[in-house]
Amino acid sequence: MLRVEGRNIIDKAGQKVRLTGISIGGWLMIEGYMLGGRNIAEHTFRQMAPGFVEEFQKRFVTEKDAEIIKKLGFNCIRLPFNYRLLEEPGGFEFLKKAVLWFTARKVYVILDMHAVPGAQNEDWHSDSDGKALFFEDETYRKHYLMLWKRLSDAFKDNEYIAGYDVINEPVTDKIDLLKQAYKDVIDVIRKNDDRHIIFLEGNMWAQQVDFIPEILSENVAISIHFYEPTKFVFNQVSNLTYPGRIGDVQWNKARIAKYLKKYTKYGVPIYVGEFGIASRCPHCKKEYDWVRDILQIFKQNRFHWTYWTYKSVGGMKYPDGLFQLFDQSDIIGLGSEHPGMDNIPLKLKEDPQKVYDIFATEHFALNRKLMNIIKNYLC
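Numbering-wise, the sequence shown is residues 543 to 921 according to the working numbering.
Written out as structure tokens, the structure reads:
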């Protein structure tokens with residue numbers, strides 16, 4: 543079982559392990575942009591398209607994908623999930639089956655509760671209706687702790703669970719409540735005789751971590767996310783390039799290295815749970831120079847990382863997938879009348895099987911330019 547030793551992660555043989563992996567975003571926690579549409583809360587989309595999510599989850603990632611990820615050389619995945627999955631009929635068993643696909647191949651798994659009860663931020667990716675009620679009502683926080691006890695019961699003896707990413711991207715001005723939630727979840731997991739690494743994300747979308755050292759304890763590490771400069775990385779302004787002047791800042795490798803250096807002072811492993819970029823290719827603006835620079839800096843600083851993300855619709859805003867879908871049909875492609883998730887409920891009425899099948903991995907193309915860079919930094 544992996545453990546923290548200073549700034550390193552160590553395996554049971556005492557050997558250093560550097561986690562270099564990929565996130566399986568948009569699968570067990572639906573995100574609209576990955577399906578080529580607007581970003582709406584998962585529970586809202588479920589109401590728009592009853593039954594779709596369950597069929598989608600059966601196809602978007604399968605055991606074959608675990609084999610693909612293993613062969614590509616990744617030694618770790620980050621597995622985001624909506625807390626609601628744990629309470630749906632068959633949902634918890636599905637999560638356990640998915641974990642086994644990877645751990646049976648000796649690929650480490652980081653379990654990421656991407657949406658917690660009540661929502662930890664106001665955005666769609668916490669399945670929120672626009673409020674972060676996790677910090678408003680203690681009932682949600684008690685519910686959250688109960689779920690982590692249940693997860694710990696299921697996974698505490700699995701040596702290829704690398705650890706638990708206990709809250710994704712909290713955003714709150716109630717830092718004391720966030721600290722207490724972290725203390726409480728650590729306590730619940732440790733009292734369950736579970737020694738897995740616990741990854742604590744910073745506030746403000748996993749960026750502000752100065753409060754975390756106050757609550758660090760044995761086998762606890764810090765997790766950050768990195769998407770700077772955002773206007774370029776998210777393809778918010780199409781004519782930007784890298785290196786280059788973005789806003790009032792000259793962004794280059796030296797600037798990024800200086801930005802990330804501040805995270806090396808805490809004396810524990812730093813895990814970059816998310817980083818990635820919206821590829822504009824064939825109209826590229828040196829996106830891959832950014833990826834190469836980031837990975838070199840991570841290696842120099844001994845950061846662990848999981849790239850965001852494994853699969854998505856291609857050619858869009860926000861970071862897209864290592865595998866990309868360029869759909870030419872009328873489901874989510876150029877021929878569709880409505881974008882992405884808004885079109886899916888309409889097409890389900892016409893030919894549901896066609897809608898479900900488009901999301902199988904064989905319809906996605908590997909971004910070879912991106913993979914050719916990433917493979918040079920895998921451990």
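Ideal Cβ positions, reconstructed from N, Cα and C, are used throughout, including at glycine.
- DSSP, reduced to helix, strand and coil, places ALA608 within a helical segment of the structure shown.
- For VAL762, the enclosing beta strand (DSSP E) stretches over residues 762-768.
- Boundaries of the beta strand (DSSP E) harbouring GLU743: 739-743, taken from the DSSP string.
- The segment 834-899 is shown to contain whole beta strand (DSSP E) runs of 3 or more residues at 846-849, 853-855 and 865-867, in chain order.
- In this chain, the beta strand (DSSP E) harbouring THR562 covers 562-565.
- The distance from the Cβ of ILE754 to that of GLY705 is about 15 Å, inconsistent with a contact at the 8 Å cut-off.
- According to DSSP, residue pairing for ASP707 in a beta bridge involves ASP654 and PHE741.
- Look at the beta carbons and you see the segment 566-584 touching the segment 612-622: at least three pairs across the two are nearer than 8 Å.
- Contact between the segment 696-716 and the segment 725-736 is present: 3 or more CB-CB pairs across the two stretches fall below 8 Å.
- Annotated three-state conformation of ALA696 is helix, per DSSP.
- Runs of the alpha helix (DSSP H) lying entirely within the segment 591-637 and spanning at least 4 residues, in chain order: 594-602 and 605-614.
- DSSP places ARG910 in the helix class (H, G or I) of the three-state scheme.
- Of all alpha-carbon atoms in GLY789, PHE644 and GLU892, the one lying nearest the alpha-carbon of LEU653 is that of PHE644.
- Judged by their CB atoms, TYR769 and PHE817 are nearer to each other than the 8 Å cut-off.
- Counting C-beta pairs with one atom in each stretch, the segment 803-813 and the segment 547-555 have three or more that are closer than 8 Å, which means they touch.
- Taken through DSSP and simplified to helix, strand or coil, ARG588 comes out as helix.
- The Cβ neighbour count for MET858, taken over all protein chains shown within 10 Å, is at least 16; the residue is labelled buried.
- For ARG732, the enclosing alpha helix (DSSP H) has its first and last residue at 717-733.
- One alpha carbon belongs to THR604, the other to ARG822, and they sit about 28 Å apart.
- In this chain, the alpha helix (DSSP H) harbouring PHE774 covers 772-775.
- For TYR813, no alpha helix (DSSP H) run applies; the uninterrupted beta strand (DSSP E) run containing it begins and ends at 812-817, by DSSP.
- Taking C-beta separations shorter than 8 Å and ignoring five residues to either side along the sequence, the partners of GLU678 in its chain run GLY660, following chain order.
- Membership of ILE552 in the beta strand (DSSP E) is indicated by the continuous run 550-552.
- GLU701 sits in coil when the DSSP states are folded into three classes, being neither helix nor strand.
- With 16 or more other Cβ atoms from the protein chains shown falling within 10 Å of its own Cβ, ARG683 counts as buried.
- As DSSP reads the structure, LYS558 sits in a beta bridge with ILE552.
- Only residues of its own chain outside the window of five on either side were considered, and among them ALA674, PHE677, LEU720 and ASN745 have a CB closer than 7 Å to the CB of THR714, listed in chain order.
- Here the segment 631-641 makes no contact with the segment 583-593; the two share fewer than three CB pairs at distances below 8 Å.
- DSSP links TRP793 through a beta bridge to GLY786.
- In the three-state reduction of the DSSP assignment, ARG545 falls in the strand class.
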